[in-house]
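First up is the structure itself, then whatever we jot down about it.
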Amino acid sequence: MTADHLAPVYAQWPLDVVDGEGVFLRTRDGRQILDLYGGHAVAALGYGHARWCAVLEKQSRALLFQSNAVPLEVRKRAATKLAHFAGLGLDTVFFCSTGAEANENALKLALRITGRRKVVAIEGSFHGRTAAAGAVTWGAAEKWYGFPRPPFEVEFLPRGDLAAVTRLVDADVAAVIAEPVQGVAGAVDLGQPLLAALRSRCSEAGAMLILDEVQCGMGRTGYPFAATMHGVAPDMLTTAKALGAGFPCAALLMADHVAAQLKTDDLGTTFGGGPMACALIEAVVDIIETDGLLANVRKLAQQIRETCVVGPVTAVQGAGFLTGLRTRRPAKDVQRELLGCDILAGTSADPHVVRILAPYVLEEVHVEQLRDALASLPA
Ligand SMILES: Cc1ncc(COP(=O)(O)O)c(C=O)c1O
């Protein structure tokens, strides 16, 4: 047993947080930390956003839970709002609770509908820790997978290898699953040419294209989804994290031809589509739209690109606020030093990428704070 009764599965950052306001966290010893990580891309509106909090309180008093068996106006409104926000012809929504669960369901549908047995994923991918999502996660088998075998055949496509698309995506493939901008890999934009090639090859081969926008979606790139940014419409899209901006929820969005194959009982979940989650999903989309946050992300991401190649940073990669600062020295050291300057950033699977997952409400002055901190560090 551990002293705090918690499973000892997370390395703990040296940070004793008591609360948060706006883009800042406050620690027990009174430090004010600029949070550019947002709990793995979740806190997209920062902390204590007045409208988010008001909706949480109002919905919790009105009706805190009913399952999907009970039709709710707020659920219909959230699905409609999300489908319109995505604008990709993905007009049917299945709400669930986590990114892994959304991916699990997307993969299950693709395998069932096509009747095929193989899935192609991309090197560097992260799709979650469950049986199917873990099977398409790069390196999981060696690190933590734990299940005796994957539930279907998996092949990994080398990033950027356009020639491999035709070779790997054939008539045995049920689905290709890809993060348009890979998160855990270190903010790696797969790029329009690869995504477009995957789209057209999937259509030719009768395979489904699943875009995992659990981390890069919901406005993080400065567009509703990275699929929008790259002009590539998948058959299914999954999203979570910023979707509730702190309220745990996820969604699987489907094109009509996928939804047409669904019948009662094909998918299910207890918590997904609950009224609290749905009220907050509706509110998050509304806040992103009415507060002009997509434009803010695009503008400040540009400011980061133009000003933050200083100190140990040699380049900026990724898209929007899924930003990778490529560092000359180990990213872990730079992350620790930034924390010493009261800035919280993340790392990634790439030992030379510091990952920034800033809240969409960031302001120019905060980017200046980041630039000044980086400039003060040894190159
Ligand atoms: C791209 C991507 N997909 C899926 C997941 C899994 O989401 P969850 O932890 O909510 O299951 C993550 C989590 O980091 C992710 O980044």
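With the first letter of the sequence shown counted as 1, position 3 gets the number 55 in the working numbering; the numbers rise by one all the way through.
Where is the CB? At the ideal position from N, CA and C, for every residue including glycine.
Nothing here was measured: the structure is a model prediction, and the numbers come from that model.
Compare the C-alpha of residue i against each of the options and name the closest.
i           : options            : result
residue 100 : 299, 427, 394, 385 : 299
residue 26  : 414, 396, 283      : This structure cannot settle anything about residue 26, because the visible part of the chain is limited to 53 through 431.
residue 280 : 428, 115, 232      : 232
residue 418 : 187, 356, 362      : 356
residue 363 : 422, 145, 370, 416 : 422
residue 74  : 90, 60, 62         : 90
residue 330 : 138, 420, 141, 145 : 145
residue 309 : 272, 161, 221, 402 : 161
residue 180 : 207, 142, 235      : 235
residue 214 : 247, 67, 190       : 247
residue 290 : 55, 148, 97, 119   : 148
residue 287 : 293, 367, 311      : 311
residue 249 : 285, 274, 272, 275 : 285
Quick check: does the Cβ of residue i come within less than 7 Å of any heavy atom belonging to ligand 1?
i           : result
residue 101 : no
residue 64  : no
residue 178 : yes
residue 46  : The structure shown has nothing for residue 46, since the chain only spans 53 to 431.
residue 235 : yes
residue 354 : no
residue 264 : yes
residue 151 : yes
residue 155 : yes
residue 302 : yes
residue 292 : yes
residue 92  : yes
residue 420 : no
Which residues bound the beta strand (DSSP E) around residue i?
i           : result
residue 284 : Looking at the DSSP string, residue 284 is not in any beta strand (DSSP E), and its letter there is neither H nor E.
residue 81  : Note, residue 81: premise wrong, no beta strand (DSSP E); not H, not E.
residue 72  : 69 to 73
residue 236 : Taken as a continuous stretch (DSSP letters only), residue 236 belongs to no beta strand (DSSP E), as it is neither H nor E.
residue 270 : It is not in any beta strand (DSSP E) - residue 270 carries neither H nor E in the DSSP assignment.
Determine the direct distance from the alpha carbon of residue j to that of residue i, and round the result to whole angstroms.
i           : j           : result
residue 348 : residue 257 : 39 Å
residue 400 : residue 409 : 11 Å
residue 122 : residue 135 : 21 Å
residue 332 : residue 114 : 13 Å
residue 200 : residue 317 : 28 Å
residue 205 : residue 92  : 29 Å
residue 430 : residue 307 : 50 Å
residue 253 : residue 220 : 10 Å
residue 71  : residue 427 : 28 Å
residue 77  : residue 86  : 7 Å
residue 117 : residue 191 : 38 Å
residue 63  : residue 351 : 34 Å
residue 469 : residue 358 : Because residue 469 is not part of the residues shown, which for the chain are 53 to 431, the question remains open.
residue 228 : residue 55  : 44 Å
residue 404 : residue 217 : 28 Å
Return the first residue and the last residue of the alpha helix (DSSP H) that residue i is part of.
i           : result
residue 338 : 327 to 342
residue 246 : 244 to 257
residue 406 : Run containing residue 406: none in the alpha helix (DSSP H); it sits in the beta strand (DSSP E), 405 to 408.
residue 422 : 416 to 428
residue 302 : No alpha helix (DSSP H) contains residue 302, which is instead part of the beta strand (DSSP E) from 302 to 306.
Should residue i be listed as close to ligand 3, given that the test is whether its C-beta is under 7 Å from any heavy atom?
i           : result
residue 191 : With respect to ligand 3, the structure offers nothing, as its ligand set consists of ligand 1.
Closest Cβ-Cβ distance between residue i and chain C: below 8 Å?
i           : result
residue 163 : Absent from the structure is chain C; it holds one protein chain and no more.
At which residue ranges does the region 354 to 390 contain complete beta strand (DSSP E) runs of 3 or more residues, listed in the order of the chain? 365 to 371, 374 to 379
Segments of 3+ residues assigned as beta strand (DSSP E) that fall wholly inside the region 163 to 232: 170 to 174, 205 to 209, 225 to 230
Could you name each continuous beta strand (DSSP E) segment of 3 residues or more that falls completely within the region 84 to 144, going from the start of the chain to the end? 84 to 87
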